[in-house]
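Residue numbers (our numbering): 2 to 155.
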């Protein structure tokens, strides 16, 4: 009986622990978004490989209020996302090389294959729970802070 209870505890803990599911590097980073209403921190997984970027937050059933995923690219480019196999409605925040938000796709439709493009070239994308951008007052031109944006040449 003890082993069974221990097994159930381990399973429950694993279900509550953020896992990369192969979708990211597995490393957790801090990102700060500075808007007119204040500075807000998120704990994010980094998606910086083609495989991690393809998988993103697919198949996840929940996302902590202060969590997200940061997709990093080699250069600024027109980016477009979709919600295939993504069960969570998200705000998709497109960011330029200076760390400035260039556009936000708010409250995206889960499981949709509709293309959601940035309105300007972007080098990164921050995905957070739907409604976060409105709740915290995020808008175009707001600053996203992460070491990626302060590297030489950015």
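Beta carbons are placed, not taken as given, at the ideal position from N, Cα and C, and that holds for glycine.
Three-way DSSP call (helix, strand, coil) for residue 135 in this model: helix
Bridge partner(s) assigned by DSSP for residue 70: 46 and 128
Strand pairing of residue 117, partner residues [DSSP]: DSSP, once it has assigned bridges, lists 82 as partnering residue 117.
Beta-carbon proximity of residue 130 to residue 80, cut-off 8 Å: no
Closest residue to residue 58 among 100, 105, 126 and 120 (Cα-Cα distance): 126
Burial state of residue 128 (16 or more Cβ within 10 Å): buried
Selection from 85, 145 and 28 that minimises the alpha carbon distance to residue 109: 85
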